[in-house]
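Participant: Shown below is the structure under consideration.
Written as structure tokens, this is what we have:
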């Protein structure tokens with residue numbers, strides 16, 4: 002029997018063994034899951050409790066042993082990405098995003114395996130609150146300590162058919178009941194179903210050593226083809242940057258991993274001065290329309306779809 006820190010007894014049933022013969026020894030071996038006994042406890046063991054086998058002395062059949070179970074009081078960590086990106090509040094995301102949720106705990110013994118460890122809701126533009134269950138759009142993968150960490154994950158792949166602002170609400174807790182935070186994880190995001198692309202800016206501009214490209218894409222999928230042409234002011238193409246060179250592109254805000262270093266298609270350094278550029282896109286055989294957010298005043302930097310950049314070494 003175990004008496005827990007609240008002085009509540011918990012019986013442990015041990016199957017009856019065969020009678021001992023003279024000179025024999027009985028060894029009791031029992032594995033105990035201590036997750037339900039946090040704090041100070043007392044273990045009580047009694048052999049031959051009902052005197053089924055008569056013996057001269059019984060006092061030496063009894064054991065009391067105090068033990069302490071160290072409580073798990075550390076909060077697990079909750080991490081949420083949209084198509085592999087940590088978004089900011091009110092960012093644009095795809096109408097069919099892959100929302101990936103990780104709940105990581107430091108415990109090396111209490112695996113996060115219960116689906117109730119994570120709950121997920123989405124508030125739609127009409128302010129209706131949708132609670133999602135595990136099934137077609139949401140898959141739970143329990144933690145497996147054999148992989149070296151105690152992390153449970155959710156793959157959530159919804160479809161948001163309406164344009165507007167949504168809010169994702171996620172809560173998480175570990176196997177000991179510790180919450181990932183006092184407040185839920187909340188993030189507001191926008192969905193624009195029409196495929197469009199904003200003005201493409203280079204940053205920094207002017208630049209001396211390299212410059213990246215900044216733009217926004219809307220819709221449910223990125224352009225199948227995309228390339229940036231860099232031209233002299235006379236209209237000669239000196240460099241064409243392909244989609245593969247630009248690196249990963251996702252719906253929403255993009256800052257390219259690729260940085261143009263001011264060289265031409267042969268790797269030769271271009272002269273200092275002004276260059277113009279444009280972006281060409283293709284999705285299902287059509288070029289993307291222009292996306293312009295409220296308050297966007299970047300049109301003044303463009304002339305008939307061409308932007309200017311300054312190379313100053």
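Residue numbers (our numbering): 2 to 314. Cβ coordinates follow ideal geometry from the N, Cα and C atoms, glycine included.
#1: Quick one: Cα of residue 240 to Cα of residue 253, how far?
#2: With a CB to CB cut of under 6 Å and the five nearest residues on each side skipped, what residues in its chain are close to residue 238?
#3: State the beta-bridge partners of residue 10 as determined by DSSP.
#4: Just list the residues that DSSP pairs residue 213 with in beta bridges.
#5: Considering only their Cβ atoms, is the gap separating residue 69 from residue 41 smaller than 7 Å?
#6: Is residue 103 close to chain C, meaning its C-beta is less than 7 Å from at least one C-beta of that chain?
#7: Tell me whether the beta-carbon of residue 181 lies closer than 7 Å to the beta-carbon of residue 79.
#8: Quick one: Cα of residue 166 to Cα of residue 271, how far?
#9: In the DSSP output, which residue or residues are listed as bridge partners for residue 101?
#10: Whole beta strand (DSSP E) runs in the stretch 45-97 with 3 or more residues, listed along the chain?
#11: I'd like the span of the beta strand (DSSP E) that includes residue 168, first residue to last.
#12: Any contact of the stretch 126-139 with the stretch 194-209, i.e. 3+ C-beta pairs under 8 Å?
#13: Excluding the 5 residues flanking residue 1 on each side, which residues of the same chain have their C-beta closer than 7 Å to its C-beta?
#14: Kindly indicate which residue of 157, 170, 284, 269 has the alpha-carbon position closest to the one of residue 219.
#15: Locate the beta strand (DSSP E) running through residue 309, then write down its first and last residues.
#16: Determine the DSSP secondary structure at residue 302, reduced to helix, strand or coil.
#17: Which runs of the beta strand (DSSP E), 3 residues or longer, sit entirely within the stretch 229-300?
#18: For the candidate residues 57, 160, 29, whose alpha-carbon lies nearest to that of residue 97?
#19: Report yes or no: do the stretch 112-130 and the stretch 83-95 share at least 3 C-beta pairs separated by less than 8 Å?
#20: Would you kindly work out how many angstroms separate the C-alpha atoms of residue 308 and residue 300, rounded to a whole number?
#21: Note down, in chain order, each residue of its chain lying with its Cβ closer than 7 Å to the Cβ of residue 275, except the 5 sequence neighbours on either side.
#22: Residue 18 lies in the beta strand (DSSP E); which residues open and close that run?
#23: Does the Cβ of residue 266 have 16 or more other Cβ atoms within 10 Å, making it buried, or fewer, making it exposed?
#24: Would you mind working out which of 52, 76, 85, 23 sits nearest residue 249, comparing C-alpha positions?
#25: Just to confirm, is the Cβ distance from residue 215 to residue 256 under 7 Å?
#26: Can you give the Cα-Cα distance for residue 126 and residue 2, rounded to whole angstroms?
#27: Can you tell which of 286, 170, 217, 261 has its C-alpha closest to the C-alpha of residue 226?
#28: Three-state secondary structure (DSSP) at residue 194?
#29: Quick one, which of 164, 170, 303 has its alpha-carbon nearest residue 123's?
#30: The beta strand (DSSP E) spanning residue 120 covers which residue range?
Facilitator: Quick look at the numbers:
#1: Each residue's alpha carbon lies about 26 Å from the other.
#2: Hits under 6 Å: 230, 232.
#3: Paired residue(s): 4.
#4: Under DSSP, residue 213 shares a beta bridge with 204.
#5: It is a contact, given that the beta carbons lie within the stated cut-off.
#6: This model lacks chain C altogether, as it is built from one protein chain only.
#7: At a Cβ-Cβ threshold of 7 Å, residue 181 and residue 79 count as neighbours.
#8: Answer to the nearest angstrom: the Cα atoms are 44 Å apart.
#9: The partner list for residue 101 (beta bridge, DSSP) reads 82, 156.
#10: Counting only runs of 3 or more, we get 63-70, 78-83, 92-94.
#11: Run containing residue 168: 165-173, per the beta strand (DSSP E) assignment.
#12: By the criterion of at least three beta-carbon pairs nearer than 8 Å, the stretch 126-139 is not in contact with the stretch 194-209.
#13: Beyond the ends of the chain as shown, which are 2 and 314, falls residue 1; an answer cannot be given.
#14: It is 284.
#15: Going by DSSP, residue 309 is part of the beta strand (DSSP E) stretching over 307-312.
#16: Of the three classes helix, strand and coil, the one that applies to residue 302 here is helix, per DSSP.
#17: Runs of the beta strand (DSSP E) inside the stretch 229-300: 238-243, 253-256, 274-283.
#18: The residue among 57, 160, 29 with its C-alpha nearest the C-alpha of residue 97 is 160.
#19: Contact between the stretch 112-130 and the stretch 83-95 is not established, with fewer than three Cβ pairs separated by less than 8 Å.
#20: Those two C-alpha atoms are separated by around 9 Å.
#21: If we look at residue 275 and ignore the five residues flanking it on each side, its Cβ neighbours are 234, 309, 311.
#22: Here residue 18 belongs to no beta strand (DSSP E), and DSSP marks it neither H nor E.
#23: Its Cβ having fewer than 16 others within 10 Å, residue 266 is exposed.
#24: With respect to the C-alpha of residue 249, the residue from 52, 76, 85, 23 having the closest C-alpha is 85.
#25: Taking 7 Å as the Cβ cut-off, residue 215 and residue 256 qualify as a contacting pair.
#26: In a straight line, the C-alpha of residue 126 is about 56 Å away from that of residue 2.
#27: Nearest neighbour of residue 226 by Cα position, chosen from 286, 170, 217, 261, turns out to be 286.
#28: It is coil, neither helix nor strand.
#29: It is 170.
#30: First-last of the beta strand (DSSP E) with residue 120: 119-124.
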